Amino acid sequence: MKKLTISILIITLFNYLACTTLNVATKESIEEEMKEGTFRSEIYIITTDYHRYHFGNWGYRIENDTLYGKGYKINPSGKELFEGKIPLDDISHFEVEEGDAFATTGLILGTLAFLLLAWGIIAAIAIGNSFKSCTQKK
Numbered sequence: 497m498k499k500l501t502i503s504i505l506i507i508t509l510f511n512y513l514a515c516t517t518l519n520v521a522t523k524e525s526i527e528e529e530m531k532e533g534t535f536r537s538e539i540y541i542i543t544t545d546y547h548r549y550h551f552g553n554w555g556y557r558i559e560n561d562t563l564y565g566k567g568y569k570i571n572p573s574g575k576e577l578f579e580g581k582i583p584l585d586d587i588s589h590f591e592v593e594e595g596d597a598f599a600t601t602g603l604i605l606g607t608l609a610f611l612l613l614a615w616g617i618i619a620a621i622a623i624g625n626s627f628k629s630c631t632q633k634k
């Protein structure tokens, strides 16, 4: 049971960490998706004065050409909490974290295939050794 739990946790870890990228999104596309109610993703914002902000899935909203939110301002020295507003005109670009399900699935299946192959080799060696010990006793 422990092995099954560990295996599931490892696969979940791959799914969480594996194949995500930050893609640049336009202000217009994000505004449009937010109006439609279809956009809820973590975003990173880079302002025209090169400050970087990070907002979680539900930590922001856009109203009247201004982004309001609670998140982090990322500095060279680390992160600091940020709660406030940023005018859309001050935003250089948005970065949206997106996952690649196909690549993540491939990574998981490849890892499982490797583990299965390793298990098969170990089992074959063990069987071979048991045959050797049986034939040597006669």
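Every letter in the sequence shown is one number past the one before it in the working numbering, and letter 86, counting from 1, is 582.
Glycine is no exception: its CB is placed at the ideal position from the N, C-alpha and C atoms.
These figures come from a predicted structure and were not determined experimentally.
- Message: With distance defined between alpha-carbon atoms, name the residue in K498, K581, H589 and D596 nearest to Y556.
- Response: Along the sequence shown, one-based indexing puts residue 556 at 60. For Y556, the closest alpha carbon among the candidates K498, K581, H589 and D596 is that of K581.
- Give every residue of the same chain whose Cβ lies closer than 6 Å to the Cβ of L518, excluding the five residues on either side of it in the sequence, and list them in chain order. Walking along the sequence shown from the start, residue 518 turns up at place 22. The answer, listed in chain order, is E591 and E593.
- Secondary structure of G552, DSSP reduced to three states: Taking the first residue of the sequence shown as position 1, residue 552 is located at position 56. Residue state, collapsed to three classes: coil.
- Query: Just how far apart, CA to CA, sit L605 and P583?
  - Reply: As a first step, residue 605 is located in the sequence shown; it is residue number 109 there, counting from the start. As a first step, residue 583 is located in the sequence shown; it is residue number 87 there, counting from the start. Across the structure, L605 and P583 are spaced so that their CA atoms are roughly 45 Å apart.
- Would you decide whether I623 is buried or exposed? Buried here means 16 or more other CB atoms lie within 10 Å of its CB. Sequence index remark: in the sequence shown, residue 623 carries index 127 (1-based). Exposed is the call here.
- Alpha carbon to alpha carbon, what distance is there between L613 and Y564? Numbered from 1 along the sequence shown, position 68 holds the residue referred to as residue 564. Numbered from 1 along the sequence shown, position 117 holds the residue referred to as residue 613. Computed Cα separation, rounded: 52 Å.
- Task: Report yes if the C-beta distance between I542 and H589 is below 8 Å; otherwise report no.
- Result: As a first step, residue 542 must be located in the sequence shown, where it is residue number 46. As a first step, residue 589 must be located in the sequence shown, where it is residue number 93. Yes, the pair counts as a contact, with Cβ atoms nearer than the cut-off.
- Bridge partners - E538, DSSP secondary structure assignment: The residue given as residue 538 occupies position 42 in the sequence shown. Answer by DSSP bridge pairing: none, since E538 is not bridged.
- Span separating the alpha-carbon of L577 from that of K569: Mapped onto the sequence shown, residue 577 falls at position 81. Mapped onto the sequence shown, residue 569 falls at position 73. Each residue's alpha carbon lies about 6 Å from the other.
- Output the distance between the C-alpha atoms of G616 and L608, rounded to the nearest integer angstrom. Taking the sequence shown and counting its residues from 1, the one referred to as residue 616 is at position 120. Taking the sequence shown and counting its residues from 1, the one referred to as residue 608 is at position 112. Roughly 12 Å between the two C-alpha positions.
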